[in-house]
Amino acid sequence: MIATFKLMRQVLVHPIDFFHDIQEPGRIKWRDAAVVMLLTYIARMVAILATGYAFETREPYEISFLHEFIWLIVPWLTWSVANWAVSAILEGEGKFKEVFVGSAFAFVPYMVFIVPVTLLTNVIALDEDSIYSFLINLTIVWVAWLLLLKVKIINDFELVKMLWITFLSIVGILIIWFVGILMFGLMNQLINFVVDLFKELNFRR
Amino acid sequence: MKHVFKFRYVVSTAMALLMLLLALPIHTFAATPYTGYTINNLRQDVRSINGYVYEGSIDGYNLASGAFSAPEDVFIAEDGTVFVVDTGNSRIVHLDKNNNVIKIVGDAEGDGMLNEPKGVFVKQDGTIYVADTKNQRIAIFDQDGKFVKAYGKPDNPLLGATFSYSPSKLLVDKRDYMYVVSDGNTQGLLQIDKNGQFRGFYGANHVGFSWKRLIDKLIATDEQKAKLAVVKPLEFSNAVQDNEGFIYTTTLGTETNQLKRLSPVGVDTLNIGERRYGGRFDAGPFSVPSFLDIAVDKDGVITALDLQSSKVYQYDKLGNLLFVFGGLGNQNGLFVTPSALAQSEGGTVYIVDKGRNRVDMFRTTPFADLVHDASRLFVDGRYKEAEGMWNEVLHYNANFDLAYLAIGKSLYKAENYKEAMTYFELARSRGDYSTAFKEYRKEYIRDNFAMICLILIALFVALRYLLPFLWRKAKPLLSARRTAGAGLTKEGVPHDRNV
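Quick look at the structure:
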């Protein structure tokens, strides 16, 4: 646990070193990724609760803790899979574990800063929202930069290749989602078919 | 003896019960065939108290005029008398305030003979302007119903060769200019001066920008373009004028901004951006409300009739929904095919039901009177005076979101920002909430300036001196533990450059 927090500190303060270091064997664990994502999720939920009235655009009943969880975890998982797959094909050096845990650690700035920034909405008015949106955008850009850094360092890519891989990863994410939704629909049909078949047979017994 | 006692007992009980029955107020009520609702700030329909209830009908059977046939319009003159456009019988029936016939306009023969007129307008001096639709003219009668003259189809190159004239509604302004709604005309209201000269179109709807059209235009060949449906601006179905000279129009075939308040130069001053009028699902999904008529009272309250749902929607001067009533059906209070409406000085709404050949009257409920009074003050910005009334409105109906907003504004004006924030939150008005919050914050900082400064200094000291001090103290302890445990446990980070 202490080690995870030390890693979190390192990714904030020395991100380049961090991504170099995690390639050394034994430095990261699968568990670290789970802890970071869980903490990010908790930070997000706390931030939603702490948002000032004027800044909350959704009604309470429109917010679901399950949806928030899915919208955090699914993009991260699919990004990890797509990014690892694409970079592995295109001569990247990264292992899946590094991609997986590295992506999780990219969320650390968001996890750390989202709550204090959101607390700000309780003391500023709507016409001063540029402060708030600037800080939020800053953390998001930070996260995006860490993700790109991760792609570059872990796989030891050039800048242009890194951007190309990122683009391909995003395409990969969309393909995974498309296939996922397709599979979901087909499975639904299949299950319904089997259930109906069973019902029909039962009815004619 | 015993029997007598028993008898007395029974009689006295019966008497007492009878007295009690007499003492009780007599309840008579008739359920309205429609449920009152209003739209809250989440755009959801919520229950509300009915603002209008059915009062009676005029069908002409027991009048000197005889029964109406497919009436198309009703007009209430300045003096409170009622003109019913009896389209099927090609005449205008003039009724007094007690709904007795004063006169019948439209001659049996000659130039004064009408042919299925659809609209009427009566000037202050009693001159009657009739949109004589099938005769393609505007017929004018004096206050005694005598035919004076008629204006035929206006002749002007601007109108184009294919222009078909079918005047259905009209209004006359102070300059004696006629503003004529011609069925199927998409260029706006026709302005005709008192000499019968066409003076231009007024307030036309515009065709908005559409990406689809742009792409069509870019990629379609000339032949394909020729086959595309021509996009035309939307057509007006009615127009009325209020005391201030604004012309209110109803537009067919659109989901937004069906009601407009046009300034003298024809610019809409009611809608800022897109606004939906009518009920979204009242007539079923994917149906667009088609407003046929509109009435505006002296306070600017807008009452509009929608054919799709056969309901009447009432909005305040700013376009907030106040009441909805009517609907499709055969009971009293519902309509078969409504075609027009008008509002009397006293607030009674007259609705022409073409399908049932009669004119229905609706009176306001005490709740509606209260809301009207309160909203008049609110629209004028007299928030403080309206506050009590809005509280009463909420007492009757806590779903009335407009009341929360109005009370919030009143509290804000009274510099009671904290409570104003509560009411703005109830009204879900984030902008107003934020404005009140800003004032509240100012006030709070002023009141607690010393405390806030103290906390800031304490925070600074804690972060600058106390925390590093504690860190220095704790560091040796931590590192001592790590060196002690390093050999035993796999925890800790090997090769950490930053340790």
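Protein sequences, first through last, are from chains A and B.
Be aware that the first sequence starts at 1430, since it is given in the working numbering, and climbs by one per residue.
Be aware that the second sequence starts at 15, since it is given in the working numbering, and climbs by one per residue.
All residues carry an ideal CB built from backbone N, CA and C; glycine is no exception.
Keep in mind the model is a prediction, meaning the values are calculated, not measured.
Next item on the list: Taking only beta carbons into account, state which residues of the stretch 1462–1487 of chain A come closer than 9 Å to chain B, listed in chain order.
Entry: Gly1481, Tyr1482, Ala1483, Phe1484, Glu1485 and Thr1486
Item checked: Cα-Cα separation between valine 1530(A) and alanine 488(B), rounded to whole angstroms -> Here residue 1530(A) corresponds to residue number 101 of the first sequence, with the count starting at 1. Here residue 488(B) corresponds to residue number 474 of the second sequence, with the count starting at 1. Computed Cα separation, rounded: 30 Å.
Check: If the cut is a Cβ gap below 7 Å, which residues of chain A does tyrosine 555(B) touch?
Finding: Any property of residue 555(B) remains undetermined from this structure, which presents chain B solely from 15 to 513.
Next item on the list: With a threshold of 16 other CB atoms inside 10 Å of the CB of leucine 1630(A), please say whether the residue is buried or exposed.
Entry: Here the question's residue 1630(A) lines up with position 201 in the first sequence. Result: exposed.
Next item on the list: Use the C-beta contact count for isoleucine 1620(A): other C-beta atoms within 10 angstroms, 16 or more gives buried, fewer gives exposed.
Entry: The residue you call residue 1620(A) lines up with position 191 of the first sequence. Exposed, by the Cβ-count rule.
Notebook entry, point to check: Who are asparagine 346(B)'s beta bridge partners in DSSP?
Noted result: Against the second sequence, residue 346(B) aligns to sequence position 332. Answer is Leu348(B), bridged to asparagine 346(B).
Next item on the list: Determine the contact status of glutamate 69(B) and methionine 375(B), defining contact as a CB-CB distance below 8 Å.
Entry: The residue labelled residue 69(B) in the question sits at position 55 within the second sequence. The residue labelled residue 375(B) in the question sits at position 361 within the second sequence. Yes, Cβ-Cβ distance for glutamate 69(B) and methionine 375(B) is below 8 Å.
Next item on the list: Give the straight-line distance between the Cα atoms of aspartate 165(B) and alanine 218(B), rounded to the nearest whole angstrom.
Entry: Within the second sequence, the letter at position 151 stands for residue 165(B). Within the second sequence, the letter at position 204 stands for residue 218(B). Reading the sequence as shown, one finds tyrosine at residue 165(B) and not aspartate. So the two alpha carbons sit approximately 22 Å from each other.
Margin query: Against chain B, which members of the stretch 1540–1553 of chain A pass a CB distance test of less than 9 Å?
Written below: Val1552 and Ile1553
Next item on the list: Buried or exposed for glutamine 138(B), please, with buried defined as at least 16 other CB atoms from any protein chain shown within 10 angstroms of its CB.
Entry: For this step, residue 138(B) is matched to residue 124 along the second sequence. Under this definition glutamine 138(B) is an exposed residue.
Notebook entry, point to check: Where does histidine 220(B) land, buried or exposed, given buried means 16+ other C-beta within 10 angstroms?
Noted result: Residue numbering aside, residue 220(B) sits at position 206 when the second sequence is read from its first letter. Histidine 220(B) should be labelled exposed.
Check: Pick from Tyr75(B), Val96(B) and Leu56(B): whose alpha carbon is nearest that of leucine 355(B)?
Finding: Within the second sequence, residue 355(B) is the residue found at index 341, counting from 1. Among Tyr75(B), Val96(B) and Leu56(B), the Cα nearest to that of leucine 355(B) belongs to Val96(B).
Check: Along the stretch 460–479 of chain B, what residues have a CB closer than 8 Å to any CB found in chain A?
Finding: Across the stretch 460–479 of chain B, no CB contact with chain A closer than 8 Å is found for any residue.
Checklist line | Three-way DSSP call (helix, strand, coil) for aspartate 207(B) in this model | finding: To locate residue 207(B), count along the second sequence from 1; it is residue 193. Correct three-state label for aspartate 207(B): coil.
Next item on the list: Closer than 7 Å by C-beta to asparagine 334(B): which residues in its own chain qualify, once you throw out the five before and the five after it? Chain order, please.
Entry: Here the question's residue 334(B) lines up with position 320 in the second sequence. Within the same chain, asparagine 334(B) has close Cβ partners Leu416.
Check: If we ignore side chains and look at the alpha-carbon of each, how far apart do glycine 293(B) and phenylalanine 250(B) end up?
Finding: Position 279 of the second sequence holds residue 293(B). Position 236 of the second sequence holds residue 250(B). One C-alpha to the other measures close to 20 Å.
Item checked: At least three beta-carbon pairs within less than 8 Å, the stretch 1456–1470 of chain A to the stretch 1562–1569 of chain A -> The stretch 1456–1470 of chain A makes no contact with the stretch 1562–1569 of chain A, as fewer than three CB pairs between them are under 8 Å.
Note to self: On the CB-based measure, 16 or more other CB atoms within 10 Å of its CB, does alanine 153(B) come out buried or exposed?
What the structure shows: Within the second sequence, residue 153(B) is the residue found at index 139, counting from 1. It counts as buried.
Check: How would you label lysine 1581(A), buried or exposed, when you count the other beta carbons within 10 angstroms and need 16 or more for buried?
Finding: For this step, residue 1581(A) is matched to residue 152 along the first sequence. Buried.
Notebook entry, point to check: Who are the neighbours of leucine 1555(A) on chain B, taking C-beta pairs under 7 Å?
Noted result: If you number the first sequence from 1, residue 1555(A) lands on position 126. Arg444, Gly445 and Ser448, listed in chain order.
Item checked: Alpha-carbon spacing of aspartate 256(B) relative to lysine 312(B), whole angstroms -> For this step, residue 256(B) is matched to residue 242 along the second sequence. For this step, residue 312(B) is matched to residue 298 along the second sequence. The straight-line gap from Cα to Cα measures roughly 7 Å.
Margin query: Can you pull the chain A neighbours of phenylalanine 451(B), defined as C-beta to C-beta under 7 Å?
Written below: If you number the second sequence from 1, residue 451(B) lands on position 437. Going along chain A in sequence order, the residues near phenylalanine 451(B) (Cβ under 7 Å) are Ala1483 and Ala1554.
Next item on the list: Indicate the three-state DSSP secondary structure (helix, strand or coil) for phenylalanine 181(B) in the structure shown.
Entry: Residue mapping note: residue 181(B) aligns to position 167 of the second sequence, counting from 1. According to the sequence provided, residue 181(B) is proline. The question's phenylalanine does not apply to it. The DSSP-derived three-state label of proline 181(B) is strand.
Next item on the list: Return the Cβ separation of alanine 122(B) and lysine 132(B) in integer angstroms, given the expectation that the two are a contact with Cβ distance under 8 Å.
Entry: Locating residue 122(B) in the second sequence gives position 108, counting from the first residue. Locating residue 132(B) in the second sequence gives position 118, counting from the first residue. Wrong, their Cβ atoms sit about 20 Å apart, outside the cutoff.
Notebook entry, point to check: What's the gap between the Cα of glycine 65(B) and the Cα of leucine 273(B)?
Noted result: Here the question's residue 65(B) lines up with position 51 in the second sequence. Here the question's residue 273(B) lines up with position 259 in the second sequence. Roughly 21 Å separates the two Cα atoms.
Check: Which chain A residues are close to leucine 56(B), counting only those with a beta carbon under 9 Å from its beta carbon?
Finding: Counting from one through the second sequence, the residue named residue 56(B) turns up at place 42. By Cβ distance, chain A contributes Glu1488.
Item checked: Whether threonine 379(B) touches valine 67(B) by CB criterion (8 Å) -> On the second sequence, position 365 is the one that residue 379(B) refers to. On the second sequence, position 53 is the one that residue 67(B) refers to. Going by C-beta atoms, threonine 379(B) is nearer than 8 Å to valine 67(B).
Next item on the list: Kindly indicate which three-state DSSP category tyrosine 75(B) falls into: helix, strand or coil?
Entry: As a first step, residue 75(B) is located in the second sequence; it is residue number 61 there, counting from the start. Per DSSP, reduced to three states, the secondary structure at tyrosine 75(B) is coil, with no helix or strand assignment.
Item checked: Three-state secondary structure assigned by DSSP to lysine 274(B) -> By one-based count along the second sequence, residue 274(B) stands at place 260. Here lysine 274(B) sits in strand by DSSP.
Notebook entry, point to check: Quick one: is aspartate 156(B) buried, meaning 16 or more other Cβ sit within 10 Å of its Cβ, or exposed?
Noted result: Reading the second sequence from its first residue, position 142 is the one you call residue 156(B). Under this definition aspartate 156(B) is an exposed residue.
Margin query: Would glutamate 439(B) pass as an interface residue toward chain A - the criterion being a Cβ-Cβ separation below 8 Å?
Written below: Numbered from 1 along the second sequence, position 425 holds the residue referred to as residue 439(B). Output row for glutamate 439(B): interface = yes.
Margin query: In this structure, how does DSSP classify phenylalanine 1595(A) when only helix, strand and coil are distinguished?
Written below: As a first step, residue 1595(A) is located in the first sequence; it is residue number 166 there, counting from the start. The sequence shown places threonine at residue 1595(A), rather than the phenylalanine named in the question. Correct three-state label for threonine 1595(A): helix.
Next item on the list: Give the secondary structure of valine 195(B) by DSSP, where H, G and I count as helix, E and B as strand, and everything else as coil.
Entry: Working through the second sequence from its first residue, we reach residue 195(B) at position 181. Under the three-state reduction of DSSP, valine 195(B) is assigned to strand.
Notebook entry, point to check: Can you list, in chain order, the stretches of the beta strand (DSSP E) that have 3 or more residues and sit fully within the stretch 74–132 of chain B?
Noted result: 87–90, 96–100, 105–109 and 115–119
Next item on the list: Could you check what DSSP says for alanine 356(B) in three-state terms: helix, strand or coil?
Entry: On the second sequence, position 342 is the one that residue 356(B) refers to. It is a strand residue.
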